[in-house]
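Participant: This structure is in structure tokens; I'll ask about it shortly.
Numbering (this note's numbering), first residue to last: -6 to 343.
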């Protein structure tokens, strides 16, 4: 009898243990944690995030970046997408060595960009065809949701503050996923994101288009190596697709573009490959009119940066200064200013 009771007790302990494990899996993973004595205001949350490491922190294990693709700043925290290390890292400044940065997530495979509305973070998990969602909690950011089946190789995410929507681009299928936040949180205070619409440009299906740029007169989609033209489009009147307004052919040498950004009087364009996907043609250029790209009358800028030739990638603006990610060299994050169309104060950060 005692032997049966012992076996029964052991069995009950095992059941309780596994039940506890299942319950714990439902709790979002906290990426970092604030001080115990701080309150839940925005300022105190971020003050807590910058405190000494806690058990929830994970330090970056690398001294160098491996194909940095994107850098941004959200609420006084810098984020870098370290693409080939399959992680996104964050830090309070751009002076600490990389091994002092912390890891937001390493659950991605070749992520490229990150976007935020100041409260939620959205990450493209490119090779897994999905988006990861993070929410700012009282004790830091938590991975709260994963959106699966986001086209093919989602490559670029941005937040449209005017329309309060995240825009996620499927780089191979010509699809734009418009992602919105639910009006109300659940009982834990967690908001969900949902795909509100999927807009398509049929002629970009099967074309590797790395990014889009929202401007006042439309949305610009950079050239892919296998279509060799920039498209300018707007969302149609019914709101269920795109209307292409203009096409700008480009030369073979600059066909595989990464990004287009308008700064003052010029369009700045980063290029990864030519039309044969040869990275030896990677460059950064500018032109005052996109029509000039068809005959090659643009200005190459690489020599002005005085850096090794690699592959320039995404350019972002943070508080009036510009930051360009750059790979295939050891100069991975370059900061610079543009004043009266002159590039100046160039600095290699990492």
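Cβ coordinates follow ideal geometry from the N, Cα and C atoms, glycine included.
Could you tell me if residue 38 is buried or exposed, where buried requires 16 or more neighbouring beta carbons within 10 angstroms of its beta carbon?
Facilitator: By one-based count along the chain shown, residue 38 stands at place 45. Residue confidence is low: residue 38 scores 34 on pLDDT, short of 50, so the model does not pin down where it sits. No coordinate-derived value is stated.
Participant: Which partner residues of residue 61 appear in the DSSP bridge assignment?
Facilitator: If you number the chain shown from 1, residue 61 lands on position 68. Residue 61 is bridged to 75.
Participant: Looking at the unbroken beta strand (DSSP E) that takes in residue 138, where does it start and where does it end?
Facilitator: Taking the first residue of the chain shown as 1, we reach residue 138 at position 145. It spans 133 to 140 - the beta strand (DSSP E) in which residue 138 sits, taken as one unbroken run.
Participant: From 320, 185, 338, 322, pick the residue whose C-alpha is nearest to that of residue 328; which is it?
Facilitator: The sequence position of residue 328 within the chain shown is 335, counting from 1. When only C-alpha atoms are compared, the closest one is 338.
Participant: If distances are taken between C-alpha atoms only, which option among 228, 273, 229, 238 comes closest to residue 246?
Facilitator: Along the chain shown, read from residue 1 onward, the residue named residue 246 stands at position 253. The option with the nearest alpha carbon to residue 246 is 273.
Participant: Smallest Cα separation from residue 60: which of 322, 187, 142, 82?
Facilitator: One-based indexing of the chain shown puts residue 60 at position 67. With distances taken between Cα atoms, residue 60 lies closest to 322.
Participant: CB residue 151 to CB residue 160, shorter than 8 Å?
Facilitator: Indexing the chain shown from 1 puts residue 151 at position 158. Indexing the chain shown from 1 puts residue 160 at position 167. Taking 8 Å as the Cβ cut-off, residue 151 and residue 160 qualify as a contacting pair.
Participant: Mind checking residue 90: buried by the 16 CB within 10 Å criterion, or exposed?
Facilitator: Here residue 90 refers to the residue found at position 97 when the chain shown is read from its first residue. Residue 90 is exposed by the Cβ-count criterion.
Participant: Terminal residues of the continuous beta strand (DSSP E) containing residue 127?
Facilitator: Stepping through the chain shown from its first residue, residue 127 is reached at position 134. Residues 123 to 130.
Participant: So what does DSSP say about residue 175, is it helix, strand or coil?
Facilitator: By one-based count along the chain shown, residue 175 stands at place 182. Coil.
Participant: Using a threshold of 8 Å, state whether the C-beta atoms of residue 318 and residue 64 are closer than that.
Facilitator: Walking along the chain shown from the start, residue 318 turns up at place 325. Walking along the chain shown from the start, residue 64 turns up at place 71. In contact: residue 318 and residue 64 (Cβ atoms closer than 8 Å).
Participant: Could you compute how far the alpha carbon of residue 313 sits from the alpha carbon of residue 153?
Facilitator: As a first step, residue 313 must be located in the chain shown, where it is residue number 320. As a first step, residue 153 must be located in the chain shown, where it is residue number 160. When rounded, the distance between both Cα atoms is 19 Å.
Participant: According to DSSP, is residue 87 helix, strand or coil?
Facilitator: The residue labelled residue 87 in the question sits at position 94 within the chain shown. Residue state, collapsed to three classes: coil.
Participant: Whose C-beta lies closer than 6 Å to the C-beta of residue 237 among residues of the same chain, with five residues either side of it excluded?
Facilitator: Sequence index remark: in the chain shown, residue 237 carries index 244 (1-based). Same-chain partners within the cutoff: 224, 226.
Participant: Write down the C-beta distance between residue 95 and residue 52 rounded to the nearest angstrom, noting that I regard them as a contact closer than 8 Å.
Facilitator: For the purposes of this step, residue 95 is identified with residue 102 of the chain shown, where counting begins at 1. For the purposes of this step, residue 52 is identified with residue 59 of the chain shown, where counting begins at 1. Their Cβ separation, rounded to whole angstroms, is 6 Å, which keeps residue 95 and residue 52 in contact under 8 Å.
Participant: Going by the beta-carbon positions, is the gap between residue 108 and residue 74 smaller than 8 Å?
Facilitator: Start at 1 with the first residue of the chain shown, and residue 108 comes out as number 115. Start at 1 with the first residue of the chain shown, and residue 74 comes out as number 81. No.
Participant: So, under 8 Å CB-CB, residue 215 and residue 252 are touching, yes? Tell me the CB distance rounded to an integer number of Å.
Facilitator: The residue you call residue 215 lines up with position 222 of the chain shown. The residue you call residue 252 lines up with position 259 of the chain shown. Sure, about 6 Å apart at Cβ, within 8 Å.
Participant: Determine the closest residue to residue 140 out of 77, 130, 156, 172, with distance taken between C-alpha atoms.
Facilitator: Locating residue 140 in the chain shown gives position 147, counting from the first residue. Here the closest residue by C-alpha is 172.
Participant: Give me the Cα-Cα distance between residue 194 and residue 101, rounded to the nearest whole angstrom.
Facilitator: Indexing the chain shown from 1 puts residue 194 at position 201. Indexing the chain shown from 1 puts residue 101 at position 108. Approximately 27 Å, taken between the alpha carbons.
Participant: Looking at the unbroken alpha helix (DSSP H) that takes in residue 296, where does it start and where does it end?
Facilitator: Residue numbering aside, residue 296 sits at position 303 when the chain shown is read from its first letter. Here the alpha helix (DSSP H) through residue 296 covers 295 to 298.
Participant: Return the Cβ separation of residue 92 and residue 56 in integer angstroms, given the expectation that the two are a contact with Cβ distance under 8 Å.
Facilitator: One-based indexing of the chain shown puts residue 92 at position 99. One-based indexing of the chain shown puts residue 56 at position 63. So it is a contact: roughly 5 Å between Cβ atoms.
Participant: So the beta strand (DSSP E) residue 338 belongs to, where does it begin and stop?
Facilitator: Locating residue 338 in the chain shown gives position 345, counting from the first residue. Taken as a continuous stretch (DSSP letters only), the beta strand (DSSP E) holding residue 338 covers 335 to 341.
Participant: I need the straight-line Cα distance from residue 296 to residue 131, nearest angstrom please.
Facilitator: Start at 1 with the first residue of the chain shown, and residue 296 comes out as number 303. Start at 1 with the first residue of the chain shown, and residue 131 comes out as number 138. Roughly 47 Å between the two C-alpha positions.
Participant: So, residue 334 versus residue 257, is the Cβ gap smaller than 8 Å?
Facilitator: On the chain shown, residue 334 is found 341 positions in, with the first residue counted as 1. On the chain shown, residue 257 is found 264 positions in, with the first residue counted as 1. Yes, they are a contact pair.
Participant: Give me, in chain order, the residues of the same chain whose beta-carbon lies closer than 6 Å to that of residue 265; leave out the 5 immediate sequence neighbours on both sides.
Facilitator: Your numbering for residue 265 matches position 272 in the chain shown. Taken in chain order, the residues that qualify are 249, 251, 275, 304.
Participant: My output table needs one value for residue 239: the three-state DSSP class, helix, strand or coil.
Facilitator: Here residue 239 corresponds to residue number 246 of the chain shown, with the count starting at 1. Of the three classes helix, strand and coil, the one that applies to residue 239 here is strand, per DSSP.
Participant: Can you name the start and end residues of the beta strand (DSSP E) that residue 189 belongs to?
Facilitator: The residue labelled residue 189 in the question sits at position 196 within the chain shown. Looking at the DSSP string, the run of the beta strand (DSSP E) that includes residue 189 is 186 to 193.
Participant: Determine the DSSP secondary structure at residue 81, reduced to helix, strand or coil.
Facilitator: Mapped onto the chain shown, residue 81 falls at position 88. Looking at residue 81 - three-state DSSP - the assignment turns out to be strand.
Participant: Starting from the C-beta of residue 48, find all residues in its chain whose C-beta is less than 6 Å away, skip the five residues before and the five after it, and write them out in chain order.
Facilitator: Working through the chain shown from its first residue, we reach residue 48 at position 55. Residue placement at residue 48 cannot be trusted, given a pLDDT of 33 that sits under 50; what the coordinates show is reported in the next sentence. For residue 48, where only same-chain residues beyond five positions count, there are no Cβ hits under 6 Å.
Participant: Per the DSSP calculation, residue 329 is bridged to which residue(s)?
Facilitator: As a working mapping, residue 329 is identified with position 336 in the chain shown. In the DSSP output, where bridge partners are listed per residue, residue 329 has 315.
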